[in-house]
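Encoded as structure tokens, the structure appears first; notes follow it.
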Amino acid sequence: MADNGFSISGELTETGHRLLQRVYYEDTDFSGLVYHARYLHFLERGRTDYLRCLGVEQRELINADDEGLVFVVHRMEIDFKQPARMDDVLTVLTHTEKAGGAKMVLNQEIRRGEALLIAAKVIIAVINANARPRRLPETLAEKFLEGSKPLRGL
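Count the sequence shown with UniProt numbering and you get residues 1 to 154, in order.
Below, the structure written as structure tokens:
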């Protein structure tokens with residue numbers, strides 16, 4: 001397979017993770033703007049591919065030890081700044097603000113070029129396979145914090 005310098009999982013940057021996503025017809029409502037709930041999909045893809053680029057496989061975490069480890073969204077704050085439209089190419093940025101104990105705080109942005117469309121703060125709870133809180137292992141916390149600098153708009 002030829003290396004074209006492009007990864008469908010995005011890339012790690014000095015601020016965290018960057019993922020490009022195109023807006024398709026299915027993402028829009030009758031007005032031609034992205035339906036508000038679809039932004040949750042773009043943000044989730046950003047978080048999932050951030051983990052993937054860090055070398056964290058969620059399927060393996062559930063069976064990694066006797067307890068298992070799972071990430072679940074506990075709280076999300078979203079500011080809708082500007083709408084996106086069909087065929088826009090969006091950049092989903094994900095940055096770790098905090099990782100430790102039984103939670104992580106991730107800041108995310110969705111941009112079209114330099115324009116900030118969405119700013120989100122996502123609180124991730126760390127639980128075991130029985131849905132009980134558990135501590136994030138230090139090695140994982142370090143991966144999330146390594147090299148993360150704050151995003152421009154957050």
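Each residue gets a CB set at the ideal place from its N, CA and C atoms; glycine is no exception.
Owing to the predicted nature of the structure, the values given are computational and were not obtained by experimental measurement.
What is the DSSP secondary structure of K143, reduced to helix, strand or coil? Note: K143 maps to helix in three-state DSSP.
Distance, Cα to Cα, V56 vs L145? Spanning the two alpha carbons is a distance of roughly 13 Å.
Straight-line CA distance for E138 to E44? Roughly 24 Å separates the two Cα atoms.
First through last residue of the beta strand (DSSP E) which encompasses D79: It spans 70 to 80 - the beta strand (DSSP E) in which D79 sits, taken as one unbroken run.
C-beta contact flag for T15 and H74 at 7 Å: Against a cut-off of 7 Å, the Cβ pair of H74 and T15 comes out as no contact.
When V89, A119, G68, L140 are compared against K98, the one with the closest alpha-carbon: Comparing Cα positions, the closest option is L140.
Can you tell which of V89, G113, L90, A125 has the C-alpha that lies nearest to the C-alpha of V105? When only C-alpha atoms are compared, the closest one is A125.
Measuring straight from C-alpha to C-alpha, what distance separates A58 and E142? One detail in the question is off: residue 58 reads as Gln in this sequence, not Ala. For Q58 and E142, the distance between alpha carbons rounds to 17 Å.
If you draw a straight line from the alpha carbon of T13 to that of C53, how long is it in whole angstroms? If you take the alpha carbons of T13 and C53, they lie about 10 Å apart.
Take F71 and list the residues in its own chain whose beta-carbon comes closer than 6 Å to its own, dropping the five residues that flank it on each side. Closer than 6 Å at the Cβ level, and outside the excluded window around F71, lie I124.
Are the segment 19 to 38 and the segment 58 to 69 touching, with three or more C-beta to C-beta distances below 8 Å? The segment 19 to 38 vs the segment 58 to 69: no contact.
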